[in-house]
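Enquirer: Residue numbers (my numbering): 58 to 327.
#1: What residue range does the alpha helix (DSSP H) around residue 177 cover?
#2: Could you tell me how far apart the beta carbons of residue 144 and residue 215 are, in whole angstroms, since I believe they sit closer than 8 angstroms?
#3: Would residue 116 pass as a contact of residue 159 if the rule is Cβ separation under 7 angstroms?
#4: Starting from the C-beta of residue 114, find all residues in its chain whose C-beta is less than 8 angstroms away, skip the five residues before and the five after it, and write them out in chain order.
#5: Anyone know if the C-beta pair for residue 186 and residue 149 falls short of 7 angstroms?
#6: One question on the structure: do residue 317 and residue 297 come within less than 7 angstroms of each other, judged by their Cβ atoms?
#7: By how many angstroms is the C-alpha of residue 294 removed from the C-alpha of residue 325?
#8: Looking at residue 208: is its Cβ nearer than 7 angstroms to the Cβ of residue 135?
#9: To the nearest angstrom, report how far apart residue 89 and residue 250 are at their CA atoms.
#10: Tell me whether the beta-carbon of residue 197 lies closer than 7 angstroms to the beta-carbon of residue 137.
#11: Applying the criterion that 16 or more other CB atoms from any shown protein chain within 10 Å of the CB defines a buried residue, is residue 80 buried or exposed?
#12: Let me check understanding here. Comparing Cα to Cα, which of 161, 228 and 190 lies closest to residue 331?
#13: Going straight from the alpha carbon of residue 140 to that of residue 152, what length do you get?
#14: Are the CB atoms of residue 277 and residue 103 within a distance shorter than 7 angstroms?
#15: What residue does the alpha helix (DSSP H) around residue 278 start on, and which one ends it?
#16: Going straight from the alpha carbon of residue 288 to that of residue 306, what length do you get?
#17: At 4 residues or longer, what runs of the alpha helix (DSSP H) sit wholly inside the stretch 212 to 300?
#18: Measure the beta-carbon distance from residue 313 to residue 301 and round it to whole angstroms, keeping in mind my assumption that it falls under 8 angstroms.
#19: Determine whether the beta carbon atoms of residue 176 and residue 167 lie at a separation below 7 angstroms.
#20: Looking only at its own chain, which residues have a Cβ that is under 6 angstroms from the Cβ of residue 212, when we skip the five neighbours before and after it?
#21: Among the residues of its own chain, which have a CB less than 8 angstroms from the CB of residue 156, if the five just before and after it don't count?
#22: Residues in its own chain within less than 8 angstroms of residue 266 by CB, not counting five upstream and five downstream?
#23: Does DSSP put residue 139 in a helix, in a strand, or in coil?
#24: Compare the C-alpha of residue 262 against each of 76, 87, 73 and 75 and name the closest.
#25: Exposed or buried, which one is residue 219 when buried takes at least 16 other CB atoms within 10 Å?
#26: Quick one: what does DSSP say residue 166 is sitting in, helix, strand or coil?
#27: With a cut-off of 8 angstroms on the beta carbons, I'd call residue 225 and residue 182 a contact; round off their distance for me.
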């Protein structure tokens, strides 16, 4: 089968051989460029998803920081009646609305209907708990003429609300941290894939070059050597060592012309 393929290749006209030899390096280049383009696009999507998860995790952390400080400050105010303890609460009043809006926008831009729906439901629970806690803290600040012992039930309720809020925030943050880990692993895999792709492209390039040289030698050099051998045999009046091919190209025409001249010379000598 191998010899048959070589023979079929030798019968291919020079024009088509040239096209094949020209296309081989171009094909390797196109494969390499396509692989690099696909890897670059995939990397961009992965990095964008990673940035999204980081932004969402940071926003959740900011919300947790603000509400915990607001609750702690309110407790301090009720115990000491010092107004500076209310500053964390006032800060939460100022900064929580834009943080909550940021969370809503990040969740709304979450790719995939399933993950977006799950995060929307989780965010709704967080929003409800935040609103209730801020209302409770506001109401607690109005209790100015009560004893510390009478505040204990309020403190306990506030703690339960904060615990529930912490659980929701922690679960959502853990989900984002898990996704961030996955995206970082994806980026590491892409990097390894790039290295493998470079090595494979180099290897394929070497193989393609070797195939190019082989096809050139078997398809062109071999035929030229046969033509030269036939010319020398004709000059020496010897029998042509190679039969003329039927390949429809200029080199084939030359082979057949040499064979015809050699045949005519032998007829004249007889």
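The C-beta atom is built at its ideal place from N, Cα and C for all residues, glycine as well.
Expert: The structure says:
#1: If you look at residue 177, you'll find it in the alpha helix (DSSP H) that goes 170 to 198.
#2: Residue 215 and residue 144 do not touch by the CB rule: their CB atoms are close to 18 angstroms apart, not below 8 angstroms.
#3: Result yes, Cβ atoms of residue 116 and residue 159 sit closer than 7 angstroms.
#4: Taking C-beta separations shorter than 8 angstroms and ignoring five residues to either side along the sequence, the partners of residue 114 in its chain run 230, 233, 234 and 237, following chain order.
#5: Contact flag unset, no.
#6: No Cβ-Cβ contact shorter than 7 angstroms links residue 317 with residue 297.
#7: Unreliable placement is indicated for residue 325, whose pLDDT of 47 sits below 50; no coordinate value is reported for it.
#8: Yes, the Cβ-Cβ distance between residue 208 and residue 135 is below 7 angstroms.
#9: Approximately 13 angstroms, taken between the alpha carbons.
#10: Against a cut-off of 7 angstroms, the Cβ pair of residue 137 and residue 197 comes out as no contact.
#11: The residue is exposed, with fewer than 16 neighbouring Cβ atoms inside 10 Å.
#12: Outside the shown range of the chain, which is 58 to 327, sits residue 331, and nothing can be said about it.
#13: Going from the Cα of residue 140 to the Cα of residue 152 covers about 19 angstroms.
#14: In this structure, residue 277 does not lie closer than 7 angstroms to residue 103 by Cβ.
#15: Premise fails: residue 278 is in no alpha helix (DSSP H) and is neither H nor E.
#16: Distance between the alpha carbons of residue 288 and residue 306: 18 angstroms.
#17: As far as the stretch 212 to 300 is concerned, its whole alpha helix (DSSP H) runs of at least 4 residues are 279 to 292.
#18: Contact between residue 313 and residue 301 holds, with the beta-carbon distance rounding to 4 angstroms and staying under 8 angstroms.
#19: Taking the C-beta atoms as reference points, residue 167 is found nearer than 7 angstroms to residue 176.
#20: There are no such residues.
#21: So the list reads 116, 119, 120 and 123, once near-sequence residues are dropped.
#22: Cβ within range, chain order: 82.
#23: Three-state DSSP puts residue 139 in coil, outside helix and strand.
#24: Ranking 76, 87, 73 and 75 by CA distance to the CA of residue 262 puts 87 first.
#25: Answer is buried; the Cβ neighbour count reaches 16.
#26: Coil, per DSSP.
#27: The Cβ separation is near 5 angstroms, so the contact holds.
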